[in-house]
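A short worksheet on the structure shown next.
Numbering (the numbering used here), first residue to last: 1020 to 1246.
Here's what the structure looks like:
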């Protein structure tokens, strides 16, 4: 993962003034990164977030990324970020959507993003994640939890951790977003200690998954070259 400064016109001029001939054109660097199987970071937060995910999770080997959330607004933010950063969400496979109905009230949504609603407890999260992990078309899962008055962040975190262990058997990545400030800080830190990349916003979680999908595409390109 590389962070290259100086991609704006003004930034490129500033870079040239400091490093001279080492700077070069932003377009040249982007092309070189693509050819060299390098994943690019946009800023320091992005560098940390992507490095964290890549060090803890396997690559996403399919474009089918599923978002599971208990908040509709957070799901929309994730959808916008996925489109912006190159992994636009596709519909939930019909057979998976049918099974996901077991983990939400009748007014929940099995579309992608999957909305378990604010009533979602830890068992619903666990069941939905495991169903997604086992589906052959799903390449990776972004799990979003928005703190509510009727849920315990730590209980949710423990069940997410248990589902992640099953995901390891299927070699599928999971990244998590916990929203709620201090109310979710303990659970969020605990998840990180379990080796699960956890972020405070949907966009950062999505960008981390983007890096895992980029890694998967790199592996696919290498395999094609070796054939």
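Note that the Cβ used here is the ideal one computed from N, Cα and C, for glycine as well. What you are looking at is a predicted structure, and each value in this text was computed from that prediction instead of being measured.
1) From this set, 1243, 1246, 1236 and 1210, which residue's C-alpha is nearest residue 1056's C-alpha?
2) Below 8 Å on the Cβ atoms is my contact criterion, and I expect residue 1078 with residue 1234 to pass it. Report the Cβ-Cβ distance as a whole number of Å.
3) Can you give me the Cβ contacts of residue 1139 inside the same chain, cut-off strictly under 6 Å, excluding the 5 residues immediately before and after it?
4) Out of 1023, 1165, 1176 and 1183, state which residue places its alpha-carbon closest to the alpha-carbon of residue 1092.
5) Helix, strand or coil, according to DSSP, for residue 1059 in the structure here?
6) May I have the straight-line CA-CA distance separating residue 1162 from residue 1074, to the nearest angstrom?
7) Using CA atoms only, rank isn't needed, just tell me which of 1203, 1208 and 1147 is closest to residue 1117.
8) So, helix, strand or coil for residue 1021, using DSSP?
9) Let me know if residue 1109 comes out buried or exposed under the rule of 16 or more other beta-carbons within 10 Å of its beta-carbon.
10) Taking 7 Å as the limit between beta carbons, can you name the residues of its chain near residue 1221, skipping five residues before and five after?
11) Find out if the Cβ-Cβ distance for the pair residue 1182, residue 1072 is shorter than 8 Å.
12) Do you know offhand how far residue 1207's Cα is from residue 1174's?
13) Looking at the secondary structure, which residues open and close the beta strand (DSSP E) in which residue 1159 lies?
14) Return the chain-ordered list of same chain residues with a C-beta closer than 6 Å to the C-beta of residue 1223, the five sequence neighbours on each side being excluded.
15) What does the alpha-carbon distance come out to for the pair residue 1083 and residue 1062?
16) When you compare only the Cα positions, how much space is there between residue 1137 and residue 1070?
17) Checking the sheet assignment: what are the DSSP bridge partners for residue 1128?
18) What are the residues that DSSP puts in a beta bridge with residue 1217?
Answer, in terms of the structure:
1) 1236
2) 4 Å
3) 1089
4) 1165
5) strand
6) 18 Å
7) 1147
8) strand
9) exposed
10) 1093, 1096, 1097, 1100, 1163 and 1196
11) no
12) 11 Å
13) 1159-1165
14) 1068
15) 26 Å
16) 31 Å
17) 1134
18) 1195
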